[in-house]
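> Take a look at this one; I'll ask things after.
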Amino acid sequence: MEVRKVLLVEDSDIDQFIFEDVLKRKYPDVEIVLAFDGEEALDLLASSISPDLIFLDINMPIMNGHEFLCEYNNLNYSNLVFMLSSSQLSADVESSLTYDFVKDYYTKPFSIDQFNKAALHWERQKIEKI
479 MEVRKVLLVE
489 DSDIDQFIFE
499 DVLKRKYPDV
509 EIVLAFDGEE
519 ALDLLASSIS
529 PDLIFLDINM
539 PIMNGHEFLC
549 EYNNLNYSNL
559 VFMLSSSQLS
569 ADVESSLTYD
579 FVKDYYTKPF
589 SIDQFNKAAL
599 HWERQKIEKI
């Protein structure tokens with residue numbers, strides 16, 4: 479496992495706790511950076527935090543996940559994004575997956591299987607760039 483840093487964009491303290499607890503049990507060396515909304519996530523990315531993976535909620539205050547995706551699409555970042563939402567609405571899934579950088583849509587609660595699938599996408603992307 480080569481993933482070293484993950485950005486979680488999530489406004490729920492409980493969901494942040496679950497994410498950190500699940501991930502740290504299996505991969506204690508992975509650094510987790512937290513953002514409470516899309517605007518904070520964009521600010522963190524602009525400050526060069528450079529995560530390997532981004533896990534993004536949809537329903538958040540200030541800037542929600544869909545607004546983040548729209549802004550992120552206009553920037554020159556290459557991070558892979560994975561939706562992590564409680565929404566199972568087909569409109570949310572379809573809207574999220576229209577972006578090439580969004581590789582999958584997961585529903586909460588977060589699981590280590592979801593992380594492992596995301597890490598495989600990341601590893602494949604690294605191989606394709608070689």
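Residue numbers (my numbering): 479 to 608.
Cβ coordinates follow ideal geometry from the N, Cα and C atoms, glycine included.
Computed from a predicted model, the values in this text were never measured in an experiment.
With a 10 Å radius around its C-beta and 16 neighbouring C-beta atoms as the bar for buried, classify SER563 as buried or exposed.
Flag for SER563 reads buried.
> I believe ASN537 touches SER565 by the beta-carbon criterion, under 8 angstroms. Please report the beta-carbon distance rounded to the nearest angstrom.
Their Cβ separation, rounded to whole angstroms, is 7 angstroms, which keeps ASN537 and SER565 in contact under 8 angstroms.
> Here's the rule I'm using: 16 or more other beta-carbon atoms within 10 Å means buried, otherwise exposed. How should LYS581 be labelled?
LYS581 comes out buried.
> Just to confirm my understanding: we take ALA519, look at its own chain, exclude 5 residues before and 5 after, and list those with CB closer than 7 angstroms. What are they?
For ALA519, where only same-chain residues beyond five positions count, the Cβ hits under 7 angstroms are LEU485, VAL487, ALA513, PHE546.
> Taking the C-alpha atoms as reference points, what is the distance between TRP600 and LEU531?
Taking the straight line from one Cα to the other gives about 7 angstroms.
> Check the C-beta distance from LYS483 over to SER528 and give it rounded, since I have them as a contact under 8 angstroms.
About 7 angstroms separates the two Cβ atoms, so the contact holds.
> So, are the CB atoms of ILE540 and ASP515 less than 8 angstroms apart?
Contact: yes.
> In the structure shown, what three-state DSSP assignment does ASP499 receive?
Three-state result, ASP499: helix.
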